[in-house]
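What follows is a set of notes on a single structure, which appears directly below.
2 protein chains.
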Amino acid sequence: MKTDITPRQLEIIEAAGRLITEDGYAMLTTKRLAERMQFSEAALYRHFSSKEAILVSMIEHLTASVKLRMEEVARREEDPEPRLRAMFESHFSYFKAHPEYLMAIFATNFMESSPATDRAIKELMEVMRQHLRAVVSEGQKSGVFVKAIPTDMLVAIVMGTFRLHMLQWRISGRGFDIARKGRSLMDAVISLIGTSR
Amino acid sequence: MKTDITPRQLEIIEAAGRLITEDGYAMLTTKRLAERMQFSEAALYRHFSSKEAILVSMIEHLTASVKLRMEEVARREEDPEPRLRAMFESHFSYFKAHPEYLMAIFATNFMESSPATDRAIKELMEVMRQHLRAVVSEGQKSGVFVKAIPTDMLVAIVMGTFRLHMLQWRISGRGFDIARKGRSLMDAVISLIGTSR
DNA sequence: CCAAAGTTAGTGATTACTAACTAACCTTGG
DNA sequence: CCAAGGTTAGTTAGTAATCACTAACTTTGG
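Protein sequences appear in the order of chains U and G.
Per the working numbering, the very first residue in the first sequence carries number -5; after that it's consecutive.
Per the working numbering, the very first residue in the second sequence carries number -5; after that it's consecutive.
If you want it as structure tokens, here you go:
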């Protein structure tokens, strides 16, 4: 897995993400992407070996960002509950600033279209899950989250709620404040899985 | 919205769903669909006016099924808690029997590819949400579900958990028992949003 | 008999990608 | 110092393959 990327490659990735977020995955064509980049179709292939490579690179870029941000949060916030909150805050502000990567969260539909893309998406989901699992598990140990329910189930509940929130934001055309609404939604979830109530 | 469908149309819809679930949406082409149906491409157009119409018809068919099943459950189970459980039981056994419609749950990704498909998918999500909202709201009124959290948030949590469960089932290649695992996951969710604990 | 459901043989449009060429910008050796 | 050579990033003009879809004709069941 290559994670190093040239500035020009990043521009292309961002443009591709924007196209998908705006008009859907089916509308991401090399022609349209080249138009957006204000250069010819052939120029794309000076930076990427294939269209698939652009997608994979984009998902890997997002994965790297998630890793970085989650590790930063883990360093900043020690206690499970504020840390869980901070993790979502980080996601919300990131996607607010980079809505072009929203599609990667829901990329599961063009899954099975190519093994490489498939793998990259699974990796992204897994990275998110692992970071979530760590904090939830710790919270259970320290007694702030309920112990009666298996860690993986709590993780599934939290992650599922987060994903649906992102999806509804996207469906609404980003028509509401993802951070504000997300904060209160996550407050609700945390209060539910919390032991204090 | 047309919901009446010929037997032959249903066969085509099922074949299309199977193709998408097996190989991804990008692999649903008129050529491959015709091959599956063991007839020529042109024959497709004796039953549907366009490829888009097939998709829309498929989603509407699923929507109709959801409506029917949820109404049946509402008639069978009065109390909110067992009714919520029965709703998910119904979904699990339905998708177990008809995995070809799984993609429609995640269809939100190829949204914006066409307005008609877009509308049909939104309608499906809305129908599911409304049935869920009804039972959750009733449970809050009767005091079996927590009142401190707004209905719509509880609905988002339950629905998000359900969707992620379905997604993981799909990612795993339907490699586990969706009903068994789903039952305990939903037990966990219901215990969390319940007032008894 | 005729309509419903199939066939063959195409259509133009679009797709991702490539070959061949070039202008501008390093790098390096005499 | 400076020119020869190499690299980078662009260009134009294609390519074969595939796409959804159609026209015109045929078969068949009630």
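Cβ atoms here follow ideal geometry from the backbone N, Cα and C, with glycine treated the same way.
Treat the numbers as computed from the prediction; the structure is a model and nothing was measured.
**Item:** Identity of the residue in G:D17, G:A28, G:F100 nearest L118 of chain G by Cα
**Value:** G:F100
**Message:** Please list, in chain order, the chain G residues whose beta carbon lies closer than 8 Å to that of R147 of chain U.
**Reply:** The question names Arg, but residue 147 of chain U in the sequence shown is Met. Residues of chain G whose Cβ lies closer than 8 Å to the Cβ of M147 of chain U are, in chain order, S178, L179, A182.
**Request:** Taking all protein chains shown into account, decide if L27 of chain U is buried (16 or more other Cβ within 10 angstroms of its Cβ) or exposed.
**Result:** buried
**Prompt:** Are D73 of chain U and V130 of chain U close, meaning C-beta to C-beta below 9 Å?
**Reply:** no
**Prompt:** Any C-beta of chain U sitting closer than 9 Å to the C-beta of G133 of chain G?
**Reply:** no
**Alpha-carbon to alpha-carbon, M52 of chain U and I115 of chain U** = Distance between the alpha carbons of I115 of chain U and M52 of chain U is about 10 Å.
**Message:** So, for S84 of chain U: in the same chain, excluding its five sequence neighbours on each side, which residues have a beta-carbon less than 6 Å away from its beta-carbon?
**Reply:** R63, V67
**Item:** CA-to-CA distance, I14 of chain U to L22 of chain U, given in whole angstroms
**Value:** 6 Å
**Message:** For H246 of chain G and S34 of chain U, what's the separation of their Cα atoms in angstroms?
**Reply:** Here chain G has residues from -5 to 191 only, and residue 246 of chain G is not among them.
**Nearest-angstrom beta carbon gap, R127 of chain G and V149 of chain G [assumed within contact, 8 Å]** = 5 Å
**Asked** Residues of chain G with CB under 7 Å from M153 of chain U, in chain order?
**Response** L158
**Asked** If we cut at 9 Å on Cβ distances, does P109 of chain G have a partner in chain U?
**Response** no
**Request:** Following the continuous alpha helix (DSSP H) through M64 of chain G, name the residue where it begins and the one where it ends.
**Result:** 45 to 70
**Message:** Can you look up F82 of chain G in the DSSP assignment and give me helix, strand or coil?
**Reply:** Helix.
**beta strand (DSSP E) runs contained entirely in the region 122 to 170 of chain U, provided each spans 3 or more residues** = none
**Item:** Closest by C-alpha distance to S44 of chain G, when choosing among G:F170, G:R157, G:S190, G:S108
**Value:** G:S108
**Proximity below 9 Å, CB of Y95 of chain G to CB of F89 of chain G** = yes
**Prompt:** If you compare alpha carbons, which of U:Q124, U:A9, U:A80, U:S166 is closest to L38 of chain U?
**Reply:** U:A9
**Prompt:** Between U:M153, U:R12, U:A110, which lies nearest to L161 of chain G when the distance is taken from Cα to Cα?
**Reply:** U:M153
**Request:** With a 10 Å radius around its C-beta and 16 neighbouring C-beta atoms as the bar for buried, classify A36 of chain G as buried or exposed.
**Result:** Exposed, since its Cβ has fewer than 16 Cβ neighbours within 10 Å.
**Prompt:** Comparing alpha-carbon positions, which option in G:G18, G:R70, G:L4 lies nearest M165 of chain G?
**Reply:** For clarity, residue 165 of chain G is Ile in the given sequence; the question names Met instead. With distances taken between Cα atoms, I165 of chain G lies closest to G:G18.
**Asked** Residues bridged to G188 of chain U by DSSP?
**Response** U:F139
**Prompt:** Are there 16 or more other CB atoms within 10 angstroms of the CB of T197 of chain G, so buried, or fewer, so exposed?
**Reply:** Residue 197 of chain G is absent from the model: chain G starts at -5 and stops at 191.
**Asked** Within 10 angstroms of its Cβ, does I182 of chain U collect 16 or more other Cβ (buried), or is it exposed?
**Response** For the sequence presented, residue 182 of chain U should be read as Ala rather than Ile. So A182 of chain U counts as buried.
**Request:** Taking only beta-carbon positions, decide if Q124 of chain U is within less than 9 Å of chain G.
**Result:** Cβ-Cβ to chain G under 9 Å: no for Q124 of chain U.
**Asked** What do you reckon, are the CB atoms on F82 of chain G and M180 of chain G nearer than 9 Å?
**Response** yes
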